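Undergrad: Residue numbering for the sequence shown is 152 to 347, as defined by this note's numbering.
This is the structure, below, for whatever I ask next.
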Amino acid sequence: MGVGKKGLSKKQEDEIEKYLKQAYYSISEIEDALLDENEGLNHLKSGDTPITDYFKTHFKAAKKETTDKEFDFISNIKAKYSCIKEILEQYDENKKLYQDQKAIDNIKFFLDALMELLHFVKPLILPKDATLEKDDNFYGQFNIWYEQLNHLIPLYNKVRNYATQKPYSIEKFKLNFENSTLLDGWDINSRSLNTY
C-alpha cells in the first residue's frame, strides 16, 4: 500500500479529499472543527455551540446609522409592515403608486427587511438531494417557511421594476424611414439596398 505526503495511504488521502470537497457540512461538524482547531475559542466550555449561538445572537437587523435602534429581524419586519399596512389595505386604485415616493420608500424598506431575513437564514437550507442527515423536527417547519420566503425574490423584482418605471410621455415619437433595409448591415450585397 502506497504512503502519501502526509503519511496517509492513498485511499485515506482520497477519502479526506472527497470529504473536504463536499458542498455541505452539518452544524455540529463545523462546531467540532472550530473547537478542536481554533485556539481563539479555548475559552468556550465543552457544551458551548458557537454556530448556534451566532444565529441566536445575530438575529438582529443591521444598523444603517448610529442613531438607528437595534431590532431583531421579526420586530423590524413588523415595524416596516405597520408603515405599509394602510397602503396594502385601502390604497386608492386610481392613484398611481409609483408617483407616491413616500409609499414606494416604505414598501422598499419592508421588502428589504424581508430580504435581510431571507439572506440570514439561507445558509441553513439544504437542497433536496443533499446527502446529510436532516433533523426532521427543524427542517420540517423550516423548509415550509423558507419556501414562502423564497417567493419574495420575484415579488421584490416586480415591485422594483414597477416602482422605478418612468411616467409615460406623449412627447415620444416614432421614426419611420422610407427604406425598410436602412442600417440592415454592411455586407457587399446589401450596400446598394441600404442607401437612402
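Positions of the beta carbon are idealized from the N, C-alpha and C atoms, including for glycine.
This structure is a prediction, so every number in the text was calculated from the model and none was measured.
1) What number of angstroms, rounded off, separates the C-alpha of Phe260 from the C-alpha of Trp296?
2) Using a threshold of 7 Å, state whether the C-beta atoms of Ala264 and Lys231 are closer than that.
3) Report all residues from its chain with a CB closer than 8 Å to the CB of Asn294; omit the five preceding and five following residues, and keep chain order.
4) Straight-line CA distance for Tyr205 to Leu306?
5) Taking all protein chains shown into account, do 16 or more other C-beta atoms lie within 10 angstroms of the C-beta of Ser160, making it buried, or fewer, making it exposed?
6) Quick one, are the C-beta atoms of Leu269 and Ser177 less than 7 Å apart?
7) Apply the 10 Å Cβ neighbour rule to Asn257 and answer buried if 16 or more other Cβ atoms are within range, or exposed otherwise.
8) Nearest to Val310 by CA position, among Ala254, Glu298, Asp223, is which residue?
9) Assuming Ile181 contacts Ile202 (C-beta within less than 8 Å), just tell me the rounded distance between them.
10) Looking at Gln316 and Tyr249, is the spacing between their C-beta atoms short of 7 Å?
11) Could you check what DSSP says for Asp204 in three-state terms: helix, strand or coil?
12) Which of the three DSSP states, helix, strand or coil, is assigned to Asp251?
13) Mark Asn245 as exposed unless 16 or more other C-beta atoms lie within 10 angstroms of its C-beta, in which case mark it buried.
14) Specify, as a first and last residue, the run of the alpha helix (DSSP H) that Asn288 falls within.
15) Leaving aside the five residues before and after Met152 along the sequence, list all residues of the same chain whose C-beta is less than 6 Å from its C-beta, in chain order.
16) CA-CA distance, Ile225 and Phe271?
17) Measure the C-alpha to C-alpha separation of Asp243 and Phe289 and round it to an integer number of angstroms.
TA: Answer, in terms of the structure:
1) 21 Å
2) yes
3) Ile276
4) 29 Å
5) exposed
6) No. Outside cutoff.
7) buried
8) Ala254
9) 6 Å
10) yes
11) helix
12) coil
13) exposed
14) Where Asn288 is concerned, the enclosing alpha helix (DSSP H) stretches over 287 to 301.
15) With a pLDDT of 49 at Met152, under the threshold of 50, the predicted position of this residue should be treated as unreliable, though the coordinate-derived value follows. Here the set comprises Ser160.
16) 12 Å
17) 42 Å
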